[in-house]
Structure formats: C-alpha cells, structure tokens
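Before any comments, here is the structure.
Printed below as a string of structure tokens:
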C-alpha cells in the first residue's frame, strides 16, 4: 500500500480508534466465552478480517449528531457480525476454499459446519441489534438480511447465464452488498437520534458507497494481485458469476465470446486467459472504474446534505478510499 493510502486510512480511522477497539474486543470476547466446540470456529472467522469498513461507517455516521456512543458500538458490532455471517455462507455456496489467503470454514470443517456456524453468527448479529432497543433499526436490520439473501439467490439462479443486463447486475449488487453498507450508515444515524433528512442522506451514502465497493471488487477479480485480493484472478467468472467487466466483454465482443465458452465448460482455463486478455487490451477496466466513480460521487454528494463535521470528512475520505483500494 502506498504512503498516500496509509495516510488516508489514518485520516479515516484516527478519530474512531477507541470505538473500533471496543468492537474488536467484543468480537474477540465472543470466541473466548463460547463453548469449547465453538471457540475455535469463532476464532477462525474473527481473524484475517479486513479494515472493518462497515463498522467504521456506523460509528462515523453516529458521530454526526449527539448520541450514546455505546449504542453505536453495539450497532457496529452487529453490522460486522452480519458481514461475517454472510461471508461464511457465501463461501459455502460458492465452494470457495480461500478467503483473504486463509482456508474458508467450509473448506476446513466442511459445509455442514459452515452452514450451522453461519446461522449462529447471524443469530449473534440479531442479538446485538436487539440490544440497541430501537425497533425501527431492528426492522431495517431484518430487511437487510432479506435483501442479502435475495441478492445471493439472484446470483445463484443467474450463474452461467451470459444474457444478464447491467440493470439486473445493479439490482443484484444493491441487494447483496450495498444493503449492508446502507444499514451500517442508516443504523448509526438513527441511533444518534439524527433528524429524518440526515438518516435519509446517510442511507443514500451507504447504498452508493456499497455499490462502488462491489464494482471495485468485481474489477479486482480481473486485474488484482491474487496475494492482495486473497483469491485467484478470474475466480468469479469460473464460478459463473457475471459482473460488470464481464457484461462489457459480452456486449462488446458478441462473436466467438470466450466467456460463453467458459460458461459452457469449453477449455475453461484457455478461455479465461482470452477473456483477461480482451479486458486488458480494451478500456473495460477504465470504463468499469468510471461507473464505480459515479457511485462514489453520489455517495459524497449525499454527505454534502449534512453539516460539516470531522466525521463527515472521514466518510468522504472513505468513499474515495473504496475506489482506490487494491484488495
């Protein structure tokens, strides 16, 4: 990571280190206090996590208006647990063996354990959000789980279908990714007793930054460093997942398209190589980033509906970081 990126990360997270440490302590405590057959599993999924982007959004969103800091920490913990639960289930559905360079739960312990552990962590997230005592936030949290499940089901049913549209892709990632960013921002705002217009602005911020985040994820699947991304290049395509760069390849090269051959199981490695070459020899990566930047800009515009504050500056920097990251 460049010095510039390091500085940006410090700027984003600097003001909320105390709160994030409390979230981290809470997560670690779950493993330490669990039954013997659960503690090792929970330790495994609590390690090797990313930069806790979603909990950071919750805490920063809560700081734009006066509120109880402990409620924000509780909500941030619920959000991170929900994220962990979705990763456990997603890896199981996708038959993924590696997540951030580490064995997935389903690879190490089998699918049965992964499904049950994912259910357990979902329940943990629900317990934490209930502890906020806010029925509106609890309801939105439940609706988020519905969105996450619906988006993942859409991906499963759409696997290996090269007729997918950009509109369908956009709705799918809104559900399976952006919905979690939305509740992270919206929940933090609602628990700080922010006015309705501020909650709506932060909800829009969360949705748009989530869309940008997923599009960058999909770009990195084609051009990222496997050591940084934590999975082989082209993994999504080999699993039949149609993402924005793939849609562009299908639209621009309708004749003898290698993606169709990959999906039909014809010399998959060679046709993946051809697909990667087509992408690298075209403007598809740049054009995909343009779409991600549009969502980033919409996220920042939503923040400008809010009063100037240090937390808002961190959220703006986070929106920029999301589209600059390499993993």
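Numbering (the working numbering), first residue to last: 730 to 1056. We treat Cβ as the ideally placed atom computed from N, Cα and C, and that holds for glycine.
Assumed close pair residue i, residue j - CB separation to whole angstroms, cut-off 8 Å
i            : j            : result
residue 1052 : residue 945  : 6 Å
residue 870  : residue 858  : 5 Å
residue 914  : residue 886  : So it is not a contact: roughly 29 Å between Cβ atoms.
residue 919  : residue 793  : No, residue 919 and residue 793 are not in contact; Cβ-Cβ is about 12 Å, not under 8 Å.
residue 755  : residue 806  : 5 Å
residue 916  : residue 1004 : In fact, because the Cβ distance is near 39 Å, the residues do not count as touching under 8 Å.
residue 834  : residue 817  : 5 Å
residue 954  : residue 1055 : 7 Å
residue 1048 : residue 1034 : The Cβ separation is near 14 Å, so there is no contact.
residue 1050 : residue 738  : 7 Å
Residue range of the alpha helix (DSSP H) that includes residue i
i            : result
residue 811  : 798 to 822
residue 781  : No alpha helix (DSSP H) holds residue 781; DSSP gives it neither H nor E.
residue 1065 : No answer is possible for residue 1065: it lies beyond the span of the chain, which begins at 730 and ends at 1056.
residue 1000 : 997 to 1009
residue 917  : 908 to 920
residue 761  : 746 to 761
residue 966  : 964 to 967
residue 990  : 987 to 993
residue 855  : 840 to 859
residue 973  : 973 to 981
Residue i (DSSP reduced to helix, strand or coil)
i            : result
residue 831  : strand
residue 766  : helix
residue 730  : Unreliable positioning characterises residue 730 in this predicted model, as indicated by a pLDDT of 44, which lies under 50. The coordinate reading is nonetheless provided below. Residue 730: coil per DSSP, three-state reduction.
residue 899  : helix
residue 1036 : coil
residue 871  : helix
residue 1048 : helix
residue 704  : Nothing about residue 704 can be reported from this structure: the residues present for the chain run from 730 to 1056 only.
residue 887  : coil
residue 862  : coil
residue 792  : coil
residue 893  : coil
residue 837  : helix
residue 738  : helix
residue 878  : helix
residue 984  : coil
residue 1055 : coil
residue 826  : coil
Per-residue burial, residue i [other beta carbons within 10 Å of its own, 16 or more giving buried]
i            : result
residue 1017 : buried
residue 673  : Residue 673 is absent from the model: the chain starts at 730 and stops at 1056.
residue 1015 : exposed
residue 996  : exposed
residue 761  : exposed
residue 752  : buried
residue 875  : exposed
residue 904  : buried
residue 965  : buried
residue 815  : buried
residue 861  : buried
residue 986  : buried
residue 820  : buried
residue 908  : buried
residue 824  : exposed
residue 841  : exposed
residue 961  : exposed
residue 777  : exposed
residue 1010 : exposed
CA nearest to the CA of residue i, picked from the options
i           : options                 : result
residue 846 : 1043, 764 and 995       : 764
residue 782 : 772, 821 and 912        : 912
residue 900 : 966, 972 and 962        : 972
residue 854 : 831, 784, 1013 and 1030 : 784
residue 779 : 941, 829 and 992        : 829
residue 963 : 991, 799 and 986        : 991
residue 969 : 799, 908, 891 and 873   : 891
residue 895 : 977, 907, 921 and 942   : 977
residue 802 : 757, 750 and 867        : 750
residue 772 : 797, 748, 745 and 810   : 810
Cβ of residue i within 8 Å of any chain B Cβ
i            : result
residue 1001 : Any reference to chain B falls outside this structure, which holds one protein chain only.
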